[in-house]
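Reading through the structure tokens given below for one structure.
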Amino acid sequence: MLAEALKNRIQIADLAQDWKKAIEIVIRPLQEDGCVEARYLDAIYDNVSVNGDYFIIMPGFAMPHTRSENGVLKNGLSFLKLRTPVVFSSGQEVSYLMGVAAANADDHIDLLAELADILMDDKAMEQLEQADSAEQILEIFR
Numbered sequence: 031m032l033a034e035a036l037k038n039r040i041q042i043a044d045l046a047q048d049w050k051k052a053i054e055i056v057i058r059p060l061q062e063d064g065c066v067e068a069r070y071l072d073a074i075y076d077n078v079s080v081n082g083d084y085f086i087i088m089p090g091f092a093m094p095h096t097r098s099e100n101g102v103l104k105n106g107l108s109f110l111k112l113r114t115p116v117v118f119s120s121g122q123e124v125s126y127l128m129g130v131a132a133a134n135a136d137d138h139i140d141l142l143a144e145l146a147d148i149l150m151d152d153k154a155m156e157q158l159e160q161a162d163s164a165e166q167i168l169e170i171f172r
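All letters in the sequence shown, in the order written, are residues 31 to 172 by the working numbering.
Structure (structure tokens):
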């Protein structure tokens, strides 16, 4: 289910200019596919200024998102792997970002549980570290 949600929305980049640019890169496919409005990105930035880097869920992994009323049109996920980590406002380095658009609080729970299984799997995380293409990353999420 996770792989299907990410299909055609996986990117790999050498680096991002800063954490704002990294979030912009990972949210862009959600905008292009009509999952979120442009204001969704601004709402994420606004939340960071109030709440800090609330979406860094473990070392090296962030899930930028905000509330559905801030421009979510339909559910969607996107993924970005940065070969060079970006430093967030809290000083934490992040190499992996999963953009999340959830139309309501319950729709993405199963996908998040599936993601948690991958994040806790040392072998899967090693494969993610070594993955060099969107296809390889998609296989990890299958």
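Glycine included, each C-beta is placed from N, C-alpha and C at the ideal position.
Check: Range of the contiguous alpha helix (DSSP H) that encloses K153; Outcome: D152 to Q160
Check: Rounded separation between A154 and I148 - CA only; Outcome: 6 angstroms
Check: P94 - containing alpha helix (DSSP H), residue span; Outcome: P94 -> no alpha helix (DSSP H), and no H or E assigned at all.
Check: Three-pair Cβ contact test at 8 angstroms for the region 33-43 versus the region 70-80; Outcome: no
Check: Buried/exposed call for K111, threshold 16 Cβ in 10 Å; Outcome: buried
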